[in-house]
Amino acid sequence: MSARLRRPAVALITTTLAAGVLAIAPAASAVDGTLSGTVTGPGGALLGDVRVELYQFDTEDGRWRDTGDFTDTGSDGAYTFSVPEGEYAVGFDDYTDTYAAEFYNDADVVEDADPVTVPGAPLATALVPAAHVTGTVLYPNGDPLTFATVVAYRPVVVDGETEYRQVGFDHTAGFFNPDALPGSYDIGGLPGGDYLIEFEAYAPQGMHAYAIEYYDNAPNRYVADLVTVADGGTPDVPIDAQLELDSEISGAVYDTTSGTPTDNGTAVVYAKVDDAYLEIEEVDVQSDGSYVIDGLSADTYYVRFRADVAGGRAQEYWDDQPSVLTATGIELGVGETEGAISPVLAFGQNQSPSLQPVTDPTISGTPQVGSTLTASPGTWSPSPTSIRYAWFAGEELRQDTSSNTYVPVVADIGREISVDVYVTATGYDTSRGSAVASGVVVPAPAQPVVTTPVVVPSVVTPPVVTPPVVDVAAGLAAGLAAVLKGVDTSGKPKVGKTIKVTGLDAMFRASTAVSYKFQWYAGTKKIKKATKSKLKVTKAMKGKKLAVKVTATAASTSRSVKLKVGKVS
6 MSARLRRPAV
16 ALITTTLAAG
26 VLAIAPAASA
36 VDGTLSGTVT
46 GPGGALLGDV
56 RVELYQFDTE
66 DGRWRDTGDF
76 TDTGSDGAYT
86 FSVPEGEYAV
96 GFDDYTDTYA
106 AEFYNDADVV
116 EDADPVTVPG
126 APLATALVPA
136 AHVTGTVLYP
146 NGDPLTFATV
156 VAYRPVVVDG
166 ETEYRQVGFD
176 HTAGFFNPDA
186 LPGSYDIGGL
196 PGGDYLIEFE
206 AYAPQGMHAY
216 AIEYYDNAPN
226 RYVADLVTVA
236 DGGTPDVPID
246 AQLELDSEIS
256 GAVYDTTSGT
266 PTDNGTAVVY
276 AKVDDAYLEI
286 EEVDVQSDGS
296 YVIDGLSADT
306 YYVRFRADVA
316 GGRAQEYWDD
326 QPSVLTATGI
336 ELGVGETEGA
346 ISPVLAFGQN
356 QSPSLQPVTD
366 PTISGTPQVG
376 STLTASPGTW
386 SPSPTSIRYA
396 WFAGEELRQD
406 TSSNTYVPVV
416 ADIGREISVD
426 VYVTATGYDT
436 SRGSAVASGV
446 VVPAPAQPVV
456 TTPVVVPSVV
466 TPPVVTPPVV
476 DVAAGLAAGL
486 AAVLKGVDTS
496 GKPKVGKTIK
506 VTGLDAMFRA
516 STAVSYKFQW
526 YAGTKKIKKA
536 TKSKLKVTKA
546 MKGKKLAVKV
556 TATAASTSRS
566 VKLKVGKVS
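Numbers given in the numbering used here equal positions in the sequence shown, counted from 1, plus 5.
Right under this line is the structure:
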């Protein structure tokens, strides 16, 4: 057996603070500002040894990224950064796992954080007691397993896709913590919510000895049961696992032209879940052409190989197939090894087909500040199962998501808006189409200018003239009412799903910015801390009717609308 080399890059993202982000260097700036604050616990107790981390928004891919800047609070709970001016998200992580990690202000994930402007006022952050996931891991014979690692992942929906972000882990007692109950673990520092729990164990030489398992006795994360834990609490039952001996697939990858092993490439293993083939594991091919995929549970697997061979990059699905749909399944029992899966790759053979365009993508709408542009993906053969839209203003990427709409901003004036549409389907490579909006972006229509009439008084008896009052507030109110007419929600009210408020215009005219506040309701009661533009539907909401109150504010004028979402199922 060999060490597992790499996990699926998209599926499991391992980072501190559940950020799901990669590190980026802070933007260069000639002027530094100060970001400071104090961290407290229940009753206002000052908390030392809390790690504080900074994140910045990457406009190219529309995600928050770790800047690499971090510090720890002192015994007085205080911290200070000297950083370039701009907007940041701030994360807090208690080293002792006594308190739940969070992002400012009371957010569980970085996408829901309140951005902090530097320079600005000091921040006050109050951490709450952490939730814990606890249990025991056993050998196949039922004895306590003392060298297992248990990892908690939080499912986070970003742009319609679920990412699993590592938020905590622990080693079973008897290996690092001999004083605790053998085989037991305790993952702390968690906010309340749903978690995917993974169990794995390595042999002393760094290889898997037992199959990776997910709660509750699941062979992969796609069929696992999520563990729900309340704020500051623990699950209703211990989250235990009894591991089985691992199964593995191994062999070597050859170049058909030279007949020699390739010294680079990858092997990816898939499992069929319902009607989909989902990635389980990816490993690198070693310098001698060999590979080992270990830590597998008993199941049927399908393997794709890619490597550089004479002529270029080649691939195949075992055995000598262009698509996972026609691949030969490899059936493994408990502790079974299939060691003769050795493909011979040839450039130009067994390439996955691409989706073929039938009609081209289009963009509808007026390229004007504040006006929504909508992309149609066109039609493809076969029909795609996944579509992404990359929106550009000139050469600058503005938005790369699953959303087919984009609202031009002031910075886009004079630029051409275009969209690249990426489509894929099971067994097919990704294909791309594109479209361009008609004309460059123009400013929003100017609002009518109301002028006060000039009154010439009578020479004989000057009358007292009261100039007409220009009701600016009424104009703002009317504009906000128009903005709120376009606000809606997306997503189904089902447990585990995320509902988002959509159609939020940043401006209703070129010079008037609009800000928003949100309050979600379950029945007639406010949902605690549910003040963001999106809501994760939990089991506690089942059977209740959800709604959200959206308040739009421009200058000192506000207007609200309450949107009904529906009953949670």
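Glycine included, every Cβ here is placed at the ideal spot set by N, Cα and C.
Quantities reported herein were computed from a predicted structural model and do not represent experimental measurements.
Does the beta-carbon of residue i have 16 or more other beta-carbons within 10 angstroms, so that it is buried, or is it exposed?
i, result
"Lys541", "buried"
"Lys531", "exposed"
"Gly264", "exposed"
"Thr78", "buried"
"Ser252", "buried"
"Ser574", "exposed"
"Ala28", "Since pLDDT at Ala28 reaches only 45, below the 50 mark, its modelled position is unreliable, and the value read off the structure follows with that caveat. Exposed."
"Val242", "exposed"
"Ile18", "Caution is warranted here: a pLDDT of 35 is assigned to Ile18, below 50, making its placement in the model unreliable, and the coordinate value is therefore given only provisionally. Ile18 is buried by the Cβ-count criterion."
"Val474", "Confidence at Val474 is low in this model, with a pLDDT of 44, below 50, so the placement of that residue should be treated as unreliable; the coordinate-derived value is given next. With fewer than 16 other Cβ atoms within 10 Å, it is exposed."
"Gln320", "buried"
"Pro224", "buried"
"Arg68", "buried"
"Ala451", "exposed"
"Ala559", "buried"
"Ala178", "buried"
"Thr267", "buried"
"Ile497", "For clarity, residue 497 is Lys in the given sequence; the question names Ile instead. Exposed, since its Cβ has fewer than 16 Cβ neighbours within 10 Å."
"Asp493", "exposed"
"Lys534", "exposed"
"Gly82", "buried"
"Val570", "buried"
"Asp260", "buried"
"Thr151", "buried"
What residue does the beta strand (DSSP E) around residue i start on, and which one ends it?
i, result
"Gln524", "Ser520 to Ala527"
"Thr267", "It is not in any beta strand (DSSP E) - Thr267 carries neither H nor E in the DSSP assignment."
"Leu551", "Lys550 to Ala559"
"His176", "Glu166 to His176"
"Ile244", "Unbroken run through Ile244: none, as it is neither H nor E."
"His137", "Ala136 to Leu143"
"Tyr282", "Ala281 to Asp289"
"Asp184", "Where Asp184 is concerned, there is no enclosing beta strand (DSSP E), given that its DSSP letter is neither H nor E."
"Thr390", "That residue, Thr390, is in no beta strand (DSSP E); it is neither H nor E in DSSP."
"Asp425", "Glu421 to Thr429"
"Pro201", "According to the sequence displayed, residue 201 carries Leu and not Pro. That run of the beta strand (DSSP E) goes Gly198 to Ala206."
"Glu400", "Here Glu400 belongs to no beta strand (DSSP E), and DSSP marks it neither H nor E."
"Arg564", "Thr562 to Lys572"
"Arg437", "Ser436 to Val445"
"Ala153", "Ala153 to Val163"
"Val44", "Asp37 to Thr45"
"Asp299", "Ser295 to Leu301"
"Ala257", "Ser252 to Ala257"
"Asp191", "Ser189 to Leu195"
"Asp493", "Asp493 to Ser495"
"Val412", "Premise fails: Val412 is in no beta strand (DSSP E) and is neither H nor E."
Would residue i pass as a contact of residue j if the rule is Cβ separation under 7 Å?
i, j, result
"Thr139", "Asp191", "yes"
"Val314", "Tyr322", "no"
"Tyr5", "Ile346", "No answer is possible for residue 5: the residues shown for the chain start at 6 and end at 574."
"Tyr219", "Ala206", "no"
"Val426", "Pro366", "yes"
"Thr390", "Tyr282", "no"
"Val339", "Glu249", "yes"
"Thr377", "Thr410", "yes"
"Val155", "Gln171", "no"
"Tyr60", "Asp71", "yes"
"Val278", "Tyr215", "no"
"Ala235", "Gly197", "yes"
"Pro134", "Gly256", "no"
"Pro120", "Glu166", "no"
"Pro382", "Ile418", "no"
"Val40", "Phe86", "Here residue 40 turns out to be Leu, not Val, going by the sequence shown. Contact flag set, yes."
"Ser386", "Thr379", "no"
"Thr271", "Glu284", "no"
Any beta-carbon of chain C closer than 7 Å to the one on residue i?
i, result
"Thr85", "Included in the structure is just one protein chain, with no chain C present."
Which ranges would you report for the beta strand (DSSP E) in the segment 55-131 if only whole runs of at least 3 residues count? Taken in chain order, the complete beta strand (DSSP E) segments of 3 or more residues contained in the segment 55-131 are 55-63, 68-77, 83-89, 91-99, 121-123 and 128-131.
Taking three-plus beta-carbon pairs below 8 Å as touching, is the segment 539-559 in contact with the segment 496-509? yes
Start-end ranges of the beta strand (DSSP E) lying completely within the segment 312-364, minimum 3 residues: 317-322, 335-337 and 361-364
Three Cβ pairs or more, each shorter than 8 Å: is that satisfied between the segment 51-60 and the segment 98-116? yes
Can we say the segment 141-153 touches the segment 89-99, given the rule of at least three CB pairs closer than 8 Å? Fewer than three beta-carbon pairs drawn from the segment 141-153 and the segment 89-99 are found closer than 8 Å, and the two stretches are therefore not classed as touching.
Under 8 Å: do the segment 413-424 and the segment 440-450 share three or more Cβ pairs, one atom per stretch? yes
Runs of beta strand (DSSP E) wholly within the segment 209-238 (minimum 3 residues, chain order): 232-234
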